[in-house]
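Visitor: Have a look at this one.
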Amino acid sequence: MSIRHHLTDPLLMAYAAGELPEAFNLVVATHVSLCDECRARLASFEAVGGAMLETEDVAAMSEDSLALCMDRISGLSQATARRPLKRAGILPAPLADYVGGGIGKVKWRNLGMGVKQAILPTGKDASARLLYIPGGQAVPDHGHRGLELTLVLQGAFRDETDRFGPGDIEIADEAMQHTPVAEEGEVCICLAATDAPLKFNAIIPRLAQPFLRI
Amino acid sequence: MMFEARQAEKTDAPFSSQQYAAKDQKVSRRKEGSAVQADQVETDWAALVLRVRDHQDRAAFAALFRHFAPRVKAFLMKSGADATLAEECAQDVMATLWQKAHLFDPSRASVATWVFTIARNRRIDALRKARRPEPEELPWGPEPEPDQAEVLEAQQDTERLGAALAQLPEKQRALIERAFYGDLSHSEIAAETGLPLGTIKSRIRLALERLRQQMS
Ligand SMILES: [Zn+2]
Chain A
18 MSIRHHLTDP LLMAYAAGEL PEAFNLVVAT HVSLCDECRA RLASFEAVGG AMLETEDVAA
78 MSEDSLALCM DRISGLSQAT ARRPLKRAGI LPAPLADYVG GGIGKVKWRN LGMGVKQAIL
138 PTGKDASARL LYIPGGQAVP DHGHRGLELT LVLQGAFRDE TDRFGPGDIE IADEAMQHTP
198 VAEEGEVCIC LAATDAPLKF NAIIPRLAQP FLRI
Chain B
2 MMFEARQAEK TDAPFSSQQY AAKDQKVSRR KEGSAVQADQ VETDWAALVL RVRDHQDRAA
62 FAALFRHFAP RVKAFLMKSG ADATLAEECA QDVMATLWQK AHLFDPSRAS VATWVFTIAR
122 NRRIDALRKA RRPEPEELPW GPEPEPDQAE VLEAQQDTER LGAALAQLPE KQRALIERAF
182 YGDLSHSEIA AETGLPLGTI KSRIRLALER LRQQMS
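Order-wise, the sequence lines are chains A and B.
Counting from 1 along the first sequence, just add 17 to a position and that's the residue number in our numbering.
Counting from 1 along the second sequence, just add 1 to a position and that's the residue number in our numbering.
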């Protein structure tokens, strides 16, 4: 997988600091699962957290805290077997976890023109969904009223600026005006997240336009 | 720190807890002097975590607790937890360290960095009640006998970063701290930290390349 479009430093730092909404966390975790470059950059931001902790002022623990903790660990087993989450086909582990399996488990909802979406269960401060876009169809968006991350899992899409293939992430904000379209060929499947409220009527009119022209 | 010796005596550890405690106190004294820890007396925290992992060494755990718990507590308080919650969560973080010692890979990250990630996750649970999906784990470790040169590098990375943080202009350092204390929204986080992150990135990148070669 030759990834050309990566996460930004602010997104990686916010993820390292634990300050992203859940839907964005999911996109970052999914991209990092596919991208060693961003995994290494993420590790460097986590090291900043470590350095801060090390140089941190200390807040004295209460006198009995160590004894309490010692009692507590006496009853704790040290988990020995790790059960890492598994990748499922084109879905990296963190995404497969949300879907409950592979792409076959996704409960798609038709948006018209063969385009489908499935909203994933995340916290309300941002939303995440999977998109299924046949070749030649426009990628549904929300007019970018916030920050929108779109990660390609299969196939590719193009906009006026570039091509986005598997593993690539497009980061769009309010200022960006563009019309991404899925490439002919393999169906394009993306994970998209936005911190603007999901408005279905913002998606439907654009897709309905070809019908109206008939 | 006054109660340290007493606490240490309560643990019936097979290993000398006094030995760890003494080293730990040296580090603390230097911190109190508020000097940048250029000539810091090293405690091999990674070795202590491995003792916890391999021997359930309670004295090693106590030394880790005395060093890291007060830092985790301070971190959580600066992140908006009150003292009671921060203390509870710091205890949870240290108990997690005990339980998950087998997941620590000292050739990838320093103990401080690892503890930070545990504390961060605990904070997300406790303060934000949010879920944080994690990247896919790689089948790369931790190995029973980590490469000592790599372990040292990971530790030195953290020390270098700490020194670099201390040398940043106050304003810039404050921005980074606020980001890590959850005081900035993601859209307010600045891209340029002014920190030497390139060496850390390169080190991890190389390790990943080696891993990919072994896997293919
Ligand atoms: Zn990347």
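All C-beta atoms, glycine included, are put in the ideal place defined by N, C-alpha and C.
Since the model is a prediction, treat every value here as computed from it, not as a measurement.
1. Check whether the region 64-84 of chain B and the region 105-122 of chain B are in contact - that is, three or more C-beta pairs closer than 8 Å.
2. Between the Cα of Leu170 (chain A) and those of A:Asp88, A:Ile120, A:Ala192 and A:Phe41, spot the shortest distance and give me the residue it belongs to.
3. With a CB to CB cut of under 6 Å and the five nearest residues on each side skipped, what residues in its chain are close to Arg162 (chain A)?
4. Kindly indicate which three-state DSSP category Arg179 (chain B) falls into: helix, strand or coil?
5. Near Lys124 (chain A), which residues of its chain fall below 8 Å by C-beta distance, leaving aside the five closest residues on each side in sequence?
6. What is the rounded straight-line gap between the Cα of Arg31 (chain B) and the Cα of Thr72 (chain A)?
7. Would you kindly check if the distance between the Cβ of Leu212 (chain B) and the Cβ of Met69 (chain A) is under 9 Å?
8. Using the DSSP secondary-structure output, state which residues sit across from Val278 (chain B) in a beta bridge.
9. Have a look at Gly92 (chain A) and Gln92 (chain B) and give me their C-alpha separation to the nearest angstrom.
10. Look at the alpha carbon of Ser144 (chain A) and the alpha carbon of His56 (chain B), and state the distance between them as a whole number of angstroms.
11. Beta carbon of Pro134 (chain B), beta carbon of Asp142 (chain A): below 9 Å?
12. Is the Cβ of Gly199 (chain B) closer than 9 Å to any Cβ of chain A?
13. For Lys172 (chain B), which of helix, strand or coil comes out of DSSP?
14. Taking any heavy atom of ligand 1 as the mark, which residues have a C-beta closer than 5 Å to it, listed down the chain?
15. With DSSP collapsed to three states, give me the class of Ser144 (chain A).
16. Taking a cut of 8 Å between CB atoms, which residues from the region 88-106 of chain B lie near chain A?
17. Among residues of its own chain, excluding the 5 on either side of Ser217 (chain B), which ones have a beta-carbon nearer than 7 Å to its beta-carbon?
18. If you reduce the DSSP assignment to three classes, tell me which class Leu224 (chain A) lands in.
19. Start and end of the alpha helix (DSSP H) containing Cys205 (chain A)?
20. Is the Cβ of Asp25 (chain B) closer than 9 Å to any Cβ of chain A?
21. Along chain A, which residues have their Cβ under 7 Å away from the Cβ of Met238 (chain B)?
22. Verify whether the separation of the beta carbon atoms of Arg129 (chain B) and Ala33 (chain A) is less than 9 Å.
23. Just to confirm my understanding: we take Ala191 (chain B), look at its own chain, exclude 5 residues before and 5 after, and list those with CB closer than 7 Å. What are they?
24. Would you identify the three-state DSSP class for Gly35 (chain A), choosing helix, strand or coil?
25. Which value, in whole angstroms, describes the spacing of the CA atoms of Thr196 (chain A) and Asp176 (chain A)?
26. One question on the structure: do Pro107 (chain B) and Ala155 (chain B) come within less than 9 Å of each other, judged by their Cβ atoms?
27. Taking just the CA atoms, how far does Arg21 (chain A) sit from Phe174 (chain A)?
28. Using the Cβ count rule (16 or more neighbours within 10 Å means buried), how would you classify Gly183 (chain B)?
29. Roughly how many angstroms separate the alpha carbons of Glu144 (chain B) and Met193 (chain A), rounded to a whole number?
30. Just the C-alpha distance for Asp25 (chain B) and Ala60 (chain B), rounded to the nearest angstrom, thanks.
31. Return the residues of the region 142-174 of chain B that lie within a Cβ-Cβ distance of less than 9 Å from chain A, sorted by chain order.
32. Short check: CB of Ala87 (chain B) to CB of Leu77 (chain B), under 9 Å?
33. Do you know offhand how far Ala189 (chain A)'s Cα is from Ser80 (chain B)'s?
34. Got a sec: is the Cβ-Cβ distance from Val116 (chain B) to anything in chain A below 9 Å?
Guide: Per the coordinate set shown:
1. yes
2. Start at 1 with the first residue of the first sequence, and residue 170 (chain A) comes out as number 153. Just measuring C-alpha positions, the residue of A:Asp88, A:Ile120, A:Ala192 and A:Phe41 sitting nearest Leu170 (chain A) is A:Ile120.
3. For the purposes of this step, residue 162 (chain A) is taken as residue 145 along the first sequence, with counting starting at 1. Within the same chain, Arg162 (chain A) has close Cβ partners Ala213.
4. Indexing the second sequence from 1 puts residue 179 (chain B) at position 178. It is helical.
5. Reading the first sequence from its first residue, position 107 is the one you call residue 124 (chain A). Excluding residues within five positions, the ones whose Cβ falls inside 8 Å are Ala135.
6. Translated into the one-based positions of the second sequence, residue 31 (chain B) becomes position 30. Translated into the one-based positions of the first sequence, residue 72 (chain A) becomes position 55. Residue confidence is low: Arg31 (chain B) scores 37 on pLDDT, short of 50, so the model does not pin down where it sits. No coordinate-derived value is stated.
7. The residue you call residue 69 (chain A) lines up with position 52 of the first sequence. The residue you call residue 212 (chain B) lines up with position 211 of the second sequence. No.
8. With chain B covering only 2 through 217, there is no way to say anything about residue 278 (chain B).
9. For the purposes of this step, residue 92 (chain A) is identified with residue 75 of the first sequence, where counting begins at 1. For the purposes of this step, residue 92 (chain B) is identified with residue 91 of the second sequence, where counting begins at 1. Spanning the alpha carbons of Gly92 (chain A) and Gln92 (chain B) requires a straight line of approximately 14 Å.
10. Position 127 of the first sequence holds residue 144 (chain A). Position 55 of the second sequence holds residue 56 (chain B). Roughly 45 Å separates the two Cα atoms.
11. Counting from 1 along the second sequence, the entry for residue 134 (chain B) is found at position 133. Counting from 1 along the first sequence, the entry for residue 142 (chain A) is found at position 125. No, Cβ-Cβ distance for Pro134 (chain B) and Asp142 (chain A) is not below 9 Å.
12. Start at 1 with the first residue of the second sequence, and residue 199 (chain B) comes out as number 198. So yes, Gly199 (chain B) belongs to the interface.
13. In the second sequence, residue 172 (chain B) corresponds to position 171, counting from 1. Reduced to three states, the DSSP call for Lys172 (chain B) is helix.
14. A:His23, A:Cys52, A:Glu54 and A:Cys55
15. Within the first sequence, numbered from 1, the residue matching residue 144 (chain A) stands at position 127. The answer is strand: DSSP assigns Ser144 (chain A) an E or B state.
16. Residues passing the 8 Å Cβ filter: Glu88, Ala91, Gln92, Met95, Ala96, Trp99, Gln100, Lys101, Ala102, His103 and Leu104.
17. In the second sequence, counting from the first residue as 1, residue 217 (chain B) sits at position 216. Closer than 7 Å at the Cβ level, and outside the excluded window around Ser217 (chain B), lies no residue.
18. Along the first sequence, one-based indexing puts residue 224 (chain A) at 207. The pLDDT assigned to Leu224 (chain A) is 45, lower than 50, so where the model puts this residue is not dependable, and the model offers no usable value.
19. Looking up residue 205 (chain A) in the first sequence gives position 188. Per DSSP, Cys205 (chain A) lies in no alpha helix (DSSP H) segment; the continuous beta strand (DSSP E) that holds it begins and ends at Cys205 to Thr211.
20. Sequence index remark: in the second sequence, residue 25 (chain B) carries index 24 (1-based). In this prediction, Asp25 (chain B) has a pLDDT of 40, which is less than 50 and means its spatial position is unreliable; what the coordinates show is noted afterwards. Not an interface residue.
21. In the structure displayed, chain B extends from 2 to 217; residue 238 (chain B) sits before or after that span and is not available.
22. Position 128 of the second sequence, counted from the first residue, corresponds to residue 129 (chain B). Position 16 of the first sequence, counted from the first residue, corresponds to residue 33 (chain A). It is not a contact, given that the beta carbons lie outside the stated cut-off.
23. Residue 191 (chain B) sits at position 190 when you count from the first residue of the second sequence. If you ignore the 5 residues before and after Ala191 (chain B), its C-beta comes within less than 7 Å of the C-beta of Leu176, all in its own chain and listed in chain order.
24. Locating residue 35 (chain A) in the first sequence gives position 18, where the first residue counts as 1. Three-state result, Gly35 (chain A): coil.
25. For this step, residue 196 (chain A) is matched to residue 179 along the first sequence. For this step, residue 176 (chain A) is matched to residue 159 along the first sequence. Taking the straight line joining both Cα atoms gives about 6 Å.
26. In the second sequence, the residue the question calls residue 107 (chain B) occupies position 106. In the second sequence, the residue the question calls residue 155 (chain B) occupies position 154. Closer than 9 Å, so yes.
27. The sequence position of residue 174 (chain A) within the first sequence is 157, counting from 1. The sequence position of residue 21 (chain A) within the first sequence is 4, counting from 1. Approximately 13 Å, taken between the alpha carbons.
28. As a working mapping, residue 183 (chain B) is identified with position 182 in the second sequence. By the 10 Å Cβ count, Gly183 (chain B) comes out buried.
29. Start at 1 with the first residue of the second sequence, and residue 144 (chain B) comes out as number 143. Start at 1 with the first residue of the first sequence, and residue 193 (chain A) comes out as number 176. Distance between the alpha carbons of Glu144 (chain B) and Met193 (chain A): 46 Å.
30. Looking up residue 25 (chain B) in the second sequence gives position 24. Looking up residue 60 (chain B) in the second sequence gives position 59. Reliability of the predicted coordinates at Asp25 (chain B) is poor, the pLDDT of 40 falling under 50, and the value obtained from them is presented with this limitation in mind. Approximately 12 Å, taken between the alpha carbons.
31. Near chain A, meaning a CB-to-CB distance below 9 Å, the residues of the region 142-174 of chain B are Ala155, Asp158, Thr159, Glu160, Arg161, Leu162, Gly163, Ala164, Ala165, Leu166 and Ala167.
32. Taking the first residue of the second sequence as position 1, residue 87 (chain B) is located at position 86. Taking the first residue of the second sequence as position 1, residue 77 (chain B) is located at position 76. Yes, the Cβ-Cβ distance between Ala87 (chain B) and Leu77 (chain B) is below 9 Å.
33. As a first step, residue 189 (chain A) is located in the first sequence; it is residue number 172 there, counting from the start. As a first step, residue 80 (chain B) is located in the second sequence; it is residue number 79 there, counting from the start. If I take the Cα positions, the gap works out to 29 Å.
34. As a working note, residue 116 (chain B) is residue 115 in the second sequence. It does: the Cβ of Val116 (chain B) has a partner Cβ on chain A nearer than 9 Å.
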